[in-house]
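Residue numbers (the numbering used here), protein chains in the order written: chain P, 127 to 379; chain S, 127 to 379.
Glycine included, each C-beta is placed from N, C-alpha and C at the ideal position.
Just so you know, these numbers come straight off a predicted model, no measurement behind them.
Encoded as structure tokens, the structure appears first; notes follow it.
Protein chains: 2
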Amino acid sequence: MSVTVRDLRARAGAPVGFMRAGSGVELRRLLPVQPRTMVEQAAEAIVAGAARGIFLPDDRLVEAEIARDLGISRVPVREALRLLESQGIVVSTPYKGMRLMRISNRGVAALMRVRLSLETLAVREALAQPGGRERFDRLRVAAAAFAYALEASDPALPVLAEVEFHAELCRVSGNPSLLALWQGLARQLAVVWGLALRLQGGLPQNEEHEALLEALDAGDEAGAIATLVEHIGRYARLDFETLVAERRRAPAM
Amino acid sequence: MSVTVRDLRARAGAPVGFMRAGSGVELRRLLPVQPRTMVEQAAEAIVAGAARGIFLPDDRLVEAEIARDLGISRVPVREALRLLESQGIVVSTPYKGMRLMRISNRGVAALMRVRLSLETLAVREALAQPGGRERFDRLRVAAAAFAYALEASDPALPVLAEVEFHAELCRVSGNPSLLALWQGLARQLAVVWGLALRLQGGLPQNEEHEALLEALDAGDEAGAIATLVEHIGRYARLDFETLVAERRRAPAM
DNA sequence: AATCAGGCCTTCGCATGCAATATGTCTCGT
DNA sequence: ACGAGACATATTGCATGCGAAGGCCTGATT
Chain P
127 MSVTVRDLRA RAGAPVGFMR AGSGVELRRL LPVQPRTMVE QAAEAIVAGA ARGIFLPDDR
187 LVEAEIARDL GISRVPVREA LRLLESQGIV VSTPYKGMRL MRISNRGVAA LMRVRLSLET
247 LAVREALAQP GGRERFDRLR VAAAAFAYAL EASDPALPVL AEVEFHAELC RVSGNPSLLA
307 LWQGLARQLA VVWGLALRLQ GGLPQNEEHE ALLEALDAGD EAGAIATLVE HIGRYARLDF
367 ETLVAERRRA PAM
Chain S
127 MSVTVRDLRA RAGAPVGFMR AGSGVELRRL LPVQPRTMVE QAAEAIVAGA ARGIFLPDDR
187 LVEAEIARDL GISRVPVREA LRLLESQGIV VSTPYKGMRL MRISNRGVAA LMRVRLSLET
247 LAVREALAQP GGRERFDRLR VAAAAFAYAL EASDPALPVL AEVEFHAELC RVSGNPSLLA
307 LWQGLARQLA VVWGLALRLQ GGLPQNEEHE ALLEALDAGD EAGAIATLVE HIGRYARLDF
367 ETLVAERRRA PAM
């Protein structure tokens, strides 16, 4: 039990956007420090817990339990859960509590189609943005970070880096609505990917990032989109349902 | 002040999904009644208030004030605001409070591009669904409801019906992720449309719904998407910034 | 033996209260 | 007069507590 506490707290320090400082605004030395409220930390801890397999899909998320583990009261936990609810990570039934999102193969496939649609738009708008190839520098940094994360011992790091790479793609599109929407999806993806962690072939390859970057540099919209289709389509072919079932039988795996 | 109370409470009864019972599952007589918590009602009341012009873009949303107006405590209001935050309707700065989303012409245009991307996917997936033309019956109902709402005295009704029509479009796509994402956008759209209420040309025309339905019936994907582009592009050409400025000078208008 | 009713227990929903932070104002010194 | 510092107020963030709804177990009844 106390392991869960440590785990959640530890993860809270390495959230989805863990590389924000590195890949973000490099020029401004002192980026404005925003006070991190319990709510955000709780939300990130819950997502991280799900991505880590501490919570499995369709598991019940008991407020009091999470609050105890995080060492805070139920109120910020509730708010965090609400936040996650409208992002589709948890589903709430009044007076019955919250559960982690269910994962079905159909659901993941549908999710990936939506995601592909958003990222296709991101590619189009990124290419339509003014500026030269230096627009994509941050994307290059993210790709490098991903390659680096692949070498790390922690299998969760590539997942985070992968999320960050695609977040950058949406960011360079210059469309704030697009980015916001994608951030919501990213958390769902983090949960899904958490399952596929140890699956060979589940992790994306760095070559695909490079290929995407090359197509972007060349202004090759169709090529970039084709790369995306391939890159994202990979996940839609995995069998998440049996993965969940296995994980439920052997939680330690 | 007590006007605000009444207004918010009244609107809480006619939320964005106000026609859910009518356009929803017709066959099952008794659809399961879910207890409506204060949080949902508060969220809908806030969105409705924004769509009504009670709150203008970038206005501060003081928890205690809203709680007083709604006659509830601050806790559910906070949760509602969190919910809206992750949908982009309000932006929160820790210890400084929540503000309603800002509206800029660029922002609306970007939002509309994202929306168009989602609805394009909706059309594609809806056409790919099995079944005959009866798949779109609910869409037809929504279109009829919109036509009916145009005749109503309340200028807010067509906006709600318009939202509902497009929500149906996403629903018939059979893609739950797509629908969920769109629902989040819908609330932003409700706020934006609230501004354009009295603008001639701001309201959509029913003919476009009919044209879309015809194209869908014919299985004409390109035609349907072209209609959507036209239909949605209409909004991107409005000048929301001066609209907000005018509204702020003459709130009673 | 199966079923249904009743009570208990868990958990959620919301209210109240206090601490923490920001902001406006006022005074004081230069 | 102008700016800096300190106080006062407004508002948010979080904790605690109580009532309410749902689930479960037990036991009585058919």
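Reduced DSSP secondary structure (H/G/I, E/B, other) of S199(S): Coil at S199(S), not helix or strand.
Got a sec: is the Cβ-Cβ distance from G258(S) to anything in chain P below 8 angstroms? Chain P has no Cβ within less than 8 angstroms of the Cβ of G258(S).
In three-state DSSP terms, what is V267(S)? In this structure, V267(S) counts as helix in the three-state DSSP scheme.
Please list the residues of the stretch 221-240 of chain P that have a C-beta atom closer than 8 angstroms to any C-beta atom in chain S, keeping them in chain order. So the list reads Y221, G233, A236, L237, R239 and V240, given in the order they occur along the chain.
Interface partners of S279(P) on chain S, CB under 9 angstroms: Ordered by position in chain S, no residue passes the 9 angstroms Cβ test against S279(P), which lies about 33 angstroms from the chain.
Should L321(P) be listed as close to the ligand MG, given that the test is whether its C-beta is under 7 angstroms from any heavy atom? No copy of the ligand MG occurs in the structure displayed, which carries no ligand at all.
To the nearest angstrom, report how far apart R375(S) and S279(S) are at their CA atoms. Counting only the Cα atoms, S279(S) lies some 25 angstroms from R375(S).
Helix, strand or coil: how does DSSP classify S243(S) here? Secondary structure of S243(S) (DSSP, three-state): helix.
I need the DSSP call for M227(S), collapsed to helix, strand or coil. M227(S) falls in the coil class under three-state DSSP.
P183(S) CB to nearest chain P CB: under 8 angstroms? No, no contact with chain P.
Please report whether the beta-carbon of G214(P) lies at a distance below 8 angstroms from any beta-carbon of chain S. Among the residues facing chain S, G214(P) is included, as its CB has a counterpart in that chain under 8 angstroms away.
From A312(S) to P183(S), what distance separates their C-alpha atoms? A straight line joining the alpha-carbon of A312(S) with that of P183(S) spans about 16 angstroms.
Pull out every residue of the stretch 291-311 of chain P whose Cβ sits closer than 7 angstroms to any Cβ of chain S, in chain order. Close to chain S, meaning a Cβ-Cβ distance shorter than 7 angstroms, are the following residues of the stretch 291-311 of chain P: N301, P302, S303, L304, A306, L307 and G310.
Would you say V318(P) lies against chain S (beta-carbon separation less than 8 angstroms)? Under the Cβ criterion of 8 angstroms, V318(P) is not counted among the residues facing chain S.
Segments of 4+ residues assigned as alpha helix (DSSP H) that fall wholly inside the stretch 259-303 of chain S: Scanning the stretch 259-303 of chain S for uninterrupted alpha helix (DSSP H) segments of 4 residues or longer gives 263-277 and 282-298, listed from N- to C-terminal end.
Residues that Q160(S) contacts on chain P, provided the C-beta gap is smaller than 8 angstroms: Under the 8 angstroms cutoff, chain P gives T219 and P220.
Measure the beta-carbon distance from F272(S) to E288(S) and round it to whole angstroms, keeping in mind my assumption that it falls under 8 angstroms. The C-beta separation of F272(S) from E288(S) comes to about 6 angstroms, placing the pair in contact by the 8 angstroms criterion.
Could you tell me whether the stretch 188-196 of chain P touches the stretch 180-199 of chain S, where touching means 3 or more Cβ pairs closer than 8 angstroms? As far as the Cβ criterion goes, the stretch 188-196 of chain P does not touch the stretch 180-199 of chain S, which means the pair count is below three.
When you compare only the Cα positions, how much space is there between E152(S) and R200(P)? Any reading at E152(S) is ruled out, since the residue's pLDDT is 46, under 50, leaving its predicted position unreliable.
Do we get a CB-CB distance below 8 angstroms when we pair S199(P) with the residues of chain S? So, not an interface residue.
Where V188(P) sits in the DSSP three-state scheme: V188(P) falls in the coil class under three-state DSSP.
Along chain P, in chain order, which residues have C-beta atoms closer than 8 angstroms to that of V165(S)? For V165(S), the chain P residues whose Cβ falls inside 8 angstroms of its Cβ are R208, in order along the chain.
Residues of chain P with CB under 8 angstroms from L247(S), in chain order? Simply R239, V240 and S243.
Any chance the stretch 232-245 of chain P sits against the stretch 253-260 of chain P, with 3 or more Cβ pairs inside 8 angstroms? The stretch 232-245 of chain P makes no contact with the stretch 253-260 of chain P; the number of CB pairs closer than 8 angstroms stays below 3.
Per DSSP, which residues does S218(S) bridge with? Please list them. In the DSSP output, where bridge partners are listed per residue, S218(S) has M224(S).
Between the Cα of A174(P) and those of P161(P), L196(P), Q160(P) and V159(P), spot the shortest distance and give me the residue it belongs to. Of the listed residues, the one whose Cα sits closest to A174(P) is L196(P).
Would you call Q314(P) buried or exposed, if buried means 16 or more other Cβ atoms sit within 10 Å of its Cβ? Buried is the label assigned to Q314(P), since at least 16 other Cβ atoms lie within 10 Å of its Cβ.
Neighbourhood of L209(S) by C-beta distance below 8 angstroms, restricted to the same chain and skipping five residues each side: Only residues of its own chain outside the window of five on either side were considered, and among them V165 and A169 have a CB closer than 8 angstroms to the CB of L209(S), listed in chain order.
Leaving out five residues on either side along the sequence, give the residues of the same chain with a beta carbon under 8 angstroms from the beta carbon of V240(S). So the qualifying residues of the chain are L311.
Which of the residues in the stretch 339-366 of chain S, read from start to end, lie with their CB under 9 angstroms from any CB of chain P? Those would be none; no residue qualifies.
Within-8 angstroms CB hit, E211(P) to chain S: Yes, because at least one Cβ of chain S sits closer than 8 angstroms to the Cβ of E211(P).
CB contact below 8 angstroms: R264(S) versus chain P: Interface annotation, R264(S): not in contact with chain P, CB-CB separation never under 8 angstroms.
Run through DSSP, which three-state label would V317(P) get? In the structure shown, V317(P) sits in a helix (DSSP, three-state: H, G or I).
State the Cα-Cα distance for the pair L366(S) and F291(S), rounded to the nearest angstrom. Strictly speaking, residue 366(S) in this sequence is Phe, with Leu absent from that position. Spanning the two alpha carbons is a distance of roughly 23 angstroms.
Nearest to R178(P) by alpha carbon, out of L305(P), E340(P), G320(P) and D346(P)? Nearest of L305(P), E340(P), G320(P) and D346(P) to R178(P), Cα basis: G320(P).
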